[in-house]
Every structure is written in structure tokens, then in C-alpha cells.
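Student:
In my numbering, the protein residues as written are 248 to 466.
(1) Nearest to residue 455 by CA position, among 436, 405, 448, 461, is which residue?
(2) Within its chain, find whatever has a CB closer than 7 Å to the CB of residue 312; leave out the 5 residues flanking it on each side and keep chain order.
(3) In the DSSP assignment, find the unbroken alpha helix (DSSP H) run with residue 410 in it and report its ends.
(4) Would the region 427-435 count as touching the region 399-411 if we require 3 or more Cβ pairs under 8 Å?
(5) Would residue 278 pass as a contact of residue 307 if the rule is Cβ separation under 7 Å?
(6) Please go through the same chain and pick out, in chain order, the residues whose beta-carbon is closer than 7 Å to the beta-carbon of residue 385, but skip the five residues on each side of it.
(7) Under three-state DSSP, which class holds residue 434?
(8) Under 7 Å between the Cβ atoms of residue 381 and residue 367?
(9) Give the DSSP-derived three-state secondary structure of residue 447 in the structure shown.
(10) Mind reading off the beta-carbon distance from residue 360 to residue 343? Whole number of angstroms is fine, and I expect it under 8 Å.
(11) Reducing DSSP to helix, strand and coil, say where residue 271 ends up.
(12) Please name the residue in 300, 404, 266 whose C-alpha comes closest to that of residue 369.
(13) Am I right that residue 421 and residue 438 are in contact with their C-beta atoms under 8 Å? What's the rounded C-beta distance?
(14) Of the choices 327, 354, 447, whose alpha-carbon is the least far from that of residue 395?
(15) State the DSSP-derived secondary structure class of residue 387, mapped to helix, strand or coil.
Here's what the structure looks like:
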């Protein structure tokens, strides 16, 4: 976090998810509307509260609503949807059919293919596999709770997705339930639904049995 441009946002926290409560006011305070990167014809920038850094590219068909801050040398691909109250760092990728809202992406992180990132934080060098969804809303009413071992913390947030530490990765079509914490360097294998706290440098696997049986096509 030492080199992250917005590290002050994380100072003096009881729980790292409290950053999400601070995020809208912080963006409002520091955002300087300017477009220093390349915005292709056919991209939609909605409102004047958008900041895009040097070397960043917004492809045709991307939709960005403010307030949003995008760092340097980041690419927002065709069909991406950024809904506001978002900070995207340097050298990031927001890909086709990926949606971001109320979230922070640290540097060198990616939501490159068919991802939903709602009210979540991705650390440095985090990659989401195609189709990974960070679910941010409980089906039952009430705030999202964070489970760490035998302890349960009330986040105080009605909407809170997931927090992924540096260099964490998910496989294709992984689902992270509201309030999930993934430790740095951990891997979530494909097609898994994950909840609670995953310690650093862990692998979350789904064990399933594949059965192949004979089949004769009817004539």
C-alpha cells in the first residue's frame, strides 16, 4: 500500500471495510475533473466528476459515470460499466461486460471479463477470473456481517462485497458472498462459492466427482 496514491484513505481503521463508508466523501474531496488519457469516440462519460490519468485508454462502448477516479495506464474496455464512487489505480484492466460500483482497485489489478465488483476492494496485482462475481447484498435484510473464525463483526454496511489482498486470484465463475475476506496471495479455484475469511497464501478448492458413462445415440 506504500505506493498507492490513495493510501491515506486506509488510515486509522478498526475494520478495513470501513473504507467503503469513507469512499464517497473522500472522492468528492480529492477528485480533480480532467481527462489526460485517451477516450475513444463512442465511449460514454456521464457527468463532469470524472478524472482519468495519463496513458489510460477508454475504449468505444465503455460507460463511466462520476464520481470516478481512474489512474494512469489503465484500460477500460468495450462494454465496461463503471457506476460511480469508484477508484481504479494505475495499470489496471476493467474489461468487457464488467461492472464496478462503490469500489477500489489497487494498482495492477484486473476485472477483465464479465465480472461484478460491488462495494469491494481489490489489492495490488489481484486478478478476477472470467465470470467472477463479488456479491454485495444479502438476501435477508440487515447489514453484512464478517465472519473470521469464531468471531463475527457487524460491518454496519447494507452493501459490502469482498476484500481481496495483494496477489489474490479467483478462477472462472467463482462467487464471493457478501463480507468475504481473501488473504494476500490466496487462490480461489473456479466454480466455487466462498464466504467468510480465507487466510493468506491459501487455496480454496472444490472437490467434485466427474462421471463418464457409456451412451448410444438413438437412431
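Glycine included, C-beta positions come from ideal geometry on N, C-alpha and C. Fair warning: this is a prediction, and the values are worked out from it, not measured in the lab.
Tutor: Well, looking at it:
(1) 436
(2) Taken in chain order, the residues that qualify are 293, 294, 329, 330, 331.
(3) Here residue 410 belongs to no alpha helix (DSSP H); instead the beta strand (DSSP E) covers 409-411.
(4) yes
(5) no
(6) 391, 425
(7) strand
(8) yes
(9) coil
(10) 6 Å
(11) helix
(12) 266
(13) Yes, they are in contact, since the Cβ atoms of residue 421 and residue 438 sit about 7 Å apart, within 8 Å.
(14) 447
(15) Residue 387 falls in the coil class under three-state DSSP.
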